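**Student:** Chains as they are written, first to last, in this note's numbering: chain V, 1338 to 1652; chain R, 234 to 501; chain W, 199 to 293. We treat Cβ as the ideally placed atom computed from N, Cα and C, and that holds for glycine. Model, not experiment: these values are computed from the prediction.
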Amino acid sequence: MSLQEFEKIFQDKVDNDIRIEPKDWMPDAYRKTLIRQISQHAHSEIVGMLPESNWITRAPTLKRKATLIAKVQDEAGHGLYLYSAAETMGITRDEMIGQLHSGKAKYSSIFNYPTLTWADMGAIGWLVDGAAIMNQVPLCRASYGPYARAMVRICKEESFHQRQGFEILLVLSRGSQAQRRMCQDAIDRWWWPSVMMFGPNDDASPHTAQSMQWKIKRFTNDELRQRFVDICAEQVKLLGMTLPDPDMVWNKEKQHYDFGAIDWEEFRQVINGNGPCNKERMAARVKAHEDGAWVREAALAHAKKRKQRESKAVA
Amino acid sequence: MSHPISLINFTLHLADDALILGHRNSEWTGHGPILEQDIAISNIALDLIGQARNFYQYAARLIQESPQSEREGWMPFTAGGETTEDSLAYLRDGWDFKNCLLVEQANGDWARTLLRQFFFSAAQYYLYERLQYSKDTQLAAISEKAFKEVAYHLRWSSEWVIRLGDGTAESHARLEKALEELWKFTGELFVPAPYEQVLIREGIGVDFSLLQPKWEEKVREIFIEAQLSYPAERAGLSGGKEGRHTEQLGYILAEMQFLQRAYPGCEW
Amino acid sequence: MSEQQWPLWEIFIRSKQGLDHKHAGSLHATDAQMAIENARDVYTRRMEGVSIWVVESKYIHASNPDEASSFFDPANDKVYRHPTFYDLPDELKHM
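#1: Let me check one thing: in DSSP terms, what residues is K1320(V) bridge-paired to?
#2: Run through chain W and tell me which residues come within less than 8 angstroms of R1643(V), C-beta to C-beta.
#3: Are the C-beta of I267(R) and some C-beta of chain W separated by less than 8 angstroms?
#4: For A1636(V), return the contacting residues in chain W, with the cut-off set at a CB-CB distance below 9 angstroms.
#5: Going by DSSP, which residues form a beta bridge with G223(W)?
#6: Got a sec: is the Cβ-Cβ distance from E201(W) to anything in chain V below 8 angstroms?
#7: Let me confirm a value: A487(R) is counted as buried when at least 16 other C-beta atoms fall within 10 Å, else exposed. Which label applies?
#8: If the criterion is Cβ atoms closer than 8 angstroms, does the pair Q1410(V) and I272(R) meet it?
#9: Can you give me the C-alpha to C-alpha distance between R1633(V) and W204(W), rounded to a whole angstrom?
#10: Out of curiosity, what's the CA-to-CA distance linking A406(R) and L347(R)?
#11: Using alpha carbons as the reference points, say which of A356(R), Q481(R), G313(R) and A426(R) lies closest to Q297(R).
#12: If K417(R) sits next to L470(R), beta carbons under 8 angstroms apart, how far is it from one beta carbon to the other, in whole angstroms?
#13: Taking G465(R) as the reference, which of E337(R), E449(R) and V383(R) has the closest Cα?
#14: For the putative contact between R349(R) and L335(R), defined by C-beta atoms under 8 angstroms, what is the C-beta separation to the nearest angstrom?
#15: Under three-state DSSP, which class holds I250(W)?
#16: Along the chain, which unbroken stretches of the alpha helix (DSSP H) at least 4 residues long are found entirely within the stretch 1398-1432 of chain V?
#17: Verify whether the separation of the beta carbon atoms of E1424(V) and Y278(W) is less than 8 angstroms.
#18: Buried or exposed: where does S462(R) fall if 16 or more other Cβ atoms within 10 Å of its Cβ makes it buried?
#19: For a cutoff of 8 angstroms on Cβ pairs, would you count V240(W) as touching chain V?
#20: How would you call S1376(V), buried or exposed, if buried means at least 16 neighbouring beta carbons within 10 angstroms?
#21: Compare the C-beta of E235(W) against all C-beta atoms of chain R and say whether one is closer than 8 angstroms.
#22: Within 8 angstroms of any Cβ in chain W, is that where the Cβ of L1417(V) sits?
#23: Please go through the same chain and pick out, in chain order, the residues whose beta-carbon is closer than 8 angstroms to the beta-carbon of P287(W), but skip the five residues on each side of it.
#24: What residues are listed by DSSP as bridge partners for I1357(V)?
#25: Which residue wins for smallest C-alpha separation from I457(R), given the options L415(R), F423(R), I395(R) and L444(R)?
#26: Using three-state DSSP, classify D1595(V) as helix, strand or coil.
#27: Assign V1573(V) to one of three DSSP states: helix, strand, or coil.
#28: Using a Cβ-Cβ cut-off of less than 8 angstroms, list which residues of the stretch 460-475 of chain R approach chain V; keep chain order.
#29: For D399(R), which residues in the same chain have their Cβ closer than 8 angstroms to its Cβ, ignoring the five residues on either side in sequence?
#30: Using the C-alpha atoms, what's the distance from V1607(V) back to P1613(V)?
#31: Less than 6 angstroms between C-beta atoms, sequence neighbours within five positions excluded: which residues of the same chain meet that for S354(R)?
#32: Classify M293(W) as buried or exposed, calling it buried when 16 or more other Cβ atoms lie within 10 Å of its own Cβ.
#33: When the Cα atoms are used, what is the spatial distance from C1477(V) to E421(R)?
#34: Measuring alpha carbon to alpha carbon, tell me which of E235(W), W251(W) and T228(W) ends up nearest E208(W).
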């Protein structure tokens, strides 16, 4: 069989929504792109634990404390599902972590922003998880089996995160003057970074077409972004708050919200390592990894000793 | 119930133990040595906070149901005139917290955290094993659920103590150091506070003389596999159960209680 | 990478009402006991009454799903592709 024939079989499967599994033939570019996409998604979950775990020890009630720990723990789990999915394609967890720590691999820009108040926990749940869900639900039908299955698992758990976030803001919006101010302030700081989460405009994303043909991307950046804006523009009214965009206005003709210009320079800076918290996020991850080296080593050493003893006993 | 104040204090002690250790464990979330263990220790934190909530809710109910004459002392720990799990957790100062000194100790490295967990989980295990038969039906019910969770905590932490003790030279050295630092806090686990003595007499609490030998046996068993020597004397610090703490607790509470103190009387 | 990695394990879960074990994913652990405990934490959310099977990935042998794969890699009966070093292409910086 020629390469073209293999590619045709592959693309036919994709076109017919037949899942591609780890041992199936796949174009090398598909495999490399997917490894990149899945591992960066995994990195985002892991780095994403940091801005929120920042507030665990200061959560203002026992219930909030417990649900915040559970949420952050879920994110660890999501990272794990995704690293697992990526590992089916011939890359190891250690390699992926190495790429993250060296700066070779990216993670979602949003996690380079600081969490300054308790209201940020609400804003992140509502906006950041909201944006993530928008991206993730379509991926439950991604062409690569392990990725799609990981996404199904993730989506099941994600909906509680968004509801939790919105509820935090709702309680604040009905609280004291300081709490209402805290709520609006968090929305003001997290809105634009959330809008940027969907990535560059479609005309600045040359890889979108190929990814859509491969069904590892189901909607374009701008399509998802528009949907997100439309939904949030309505939800924010329930909070009695505003989104920090004076140009946001309902367009009757298009049946969508028009919204203001995104500051792509800010996005570029943050992606390139010059956001408010890039260095701190990486430093925290590198530290955890380095501090943990002796622990990982000890566990392996012990397992080895046990095996040796067991084989001696049998002999 | 002839001695409600003792029961309230004992319930608070159990709640505080669970909360403070859960809080300490949650400091690891996002910083664990490997993803799978980050999840594991966060699970334990969640279990402990769940136990704490059950005990606080019970203590709050006991306080609310106390005769008026006895409730005055609890007034500072109310929210909107009511005693709740949160008003108890967030409005008491260190001298009113009744957790043992062991649980408030800093995490240090993974060896210190795991050894602390092992010592405490073993104590909780034998305590809940008996407390689930307490004459107080509420304590019994909470303990029955907690016992299942703690059985897992004990297994998990025992395995880690062994892994580290019988791992590499470095892991063993770190575990030895942790033992050196934490041993002095273990004695307090079996020294009954006055309110515990009252409850033991009434068949509600658990006699420590029955728990201590089991705890010791478990520790010796694990220590052998971990290549650790069981320390000779049982010297120790105590006072936590009666509100005399180490310098650690103040900082924990300052961080934990900040929002409730900075914005009093708010819903979150 | 000088540090040795923890082995990869495949996890199979049978739910309380379930009839058979389903593949749930993978994780890294140093021994079977740790793998089972981690699986409980990650894949079952501590549900009671579930059955967990763990197998080191290297011990799973898989069939080649179709002719295409057997043409390229007849000797490979591992469940996943072998991990290899390679250079990621320099892509546009977007998610």
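**Tutor:** Concretely, from the data shown:
#1: With chain V running from 1338 to 1652 in the structure shown, residue 1320(V) is simply not present.
#2: Result: D229.
#3: It does: the Cβ of I267(R) has a partner Cβ on chain W nearer than 8 angstroms.
#4: When 9 angstroms is used as the limit between beta carbons, A1636(V) is near these residues of chain W: W204, A227, T228, D229 and M232, in chain order.
#5: Paired residues: I209(W).
#6: Contact of E201(W) with chain V is assigned, a C-beta pair being separated by under 8 angstroms.
#7: With fewer than 16 Cβ atoms within 10 Å of its Cβ, A487(R) is classed as exposed.
#8: Going by beta carbons, Q1410(V) and I272(R) fall inside the 8 angstroms limit.
#9: Rounded to the nearest whole angstrom, the CA to CA distance from R1633(V) to W204(W) is 8 angstroms.
#10: Between A406(R) and L347(R), the alpha-carbon positions lie close to 14 angstroms from each other.
#11: When each option's Cα is compared against that of Q297(R), the closest is G313(R).
#12: Right, the Cβ-Cβ distance comes to about 5 angstroms (below 8 angstroms), so this counts as a contact.
#13: Just to set this straight, residue 465(R) is Ala in the shown sequence, not Gly. Nearest option by C-alpha distance: E449(R).
#14: Confirmed, about 6 angstroms.
#15: In this structure, I250(W) counts as strand in the three-state DSSP scheme.
#16: The qualifying runs are 1399-1424.
#17: With contacts defined as CB atoms closer than 8 angstroms, E1424(V) and Y278(W) qualify as a contacting pair.
#18: When all chains shown are included, S462(R) counts as exposed.
#19: Between V240(W) and chain V, the shortest Cβ-Cβ separation is below 8 angstroms.
#20: Buried.
#21: Yes, E235(W) counts as interfacial toward chain R.
#22: So, interface residue.
#23: Note that P287(W) scores 35 on pLDDT, short of 50, meaning its location in the model is unreliable and no value can be drawn from it.
#24: Answer is Y1481(V).
#25: Nearest option by C-alpha distance: I395(R).
#26: DSSP places D1595(V) in strand when its eight states are reduced to three.
#27: DSSP places V1573(V) within a helical segment (H, G or I) once states are collapsed to three.
#28: Under the 8 angstroms Cβ criterion, the stretch 460-475 of chain R contributes no residue.
#29: Taking D399(R) as the centre and dropping the five residues before and after it, the same chain places the C-beta of H405, E458, A459 and Q460 closer than 8 angstroms to its C-beta, in chain order.
#30: Cα to Cα, P1613(V) sits roughly 8 angstroms from V1607(V).
#31: The residues are V383, H386, L387 and S390.
#32: Residue placement at M293(W) is flagged as unreliable, the pLDDT there being 23, under the threshold of 50; a coordinate-derived value is accordingly withheld.
#33: A direct Cα-to-Cα measurement between C1477(V) and E421(R) gives close to 53 angstroms.
#34: The shortest C-alpha separation from E208(W) is found at W251(W).
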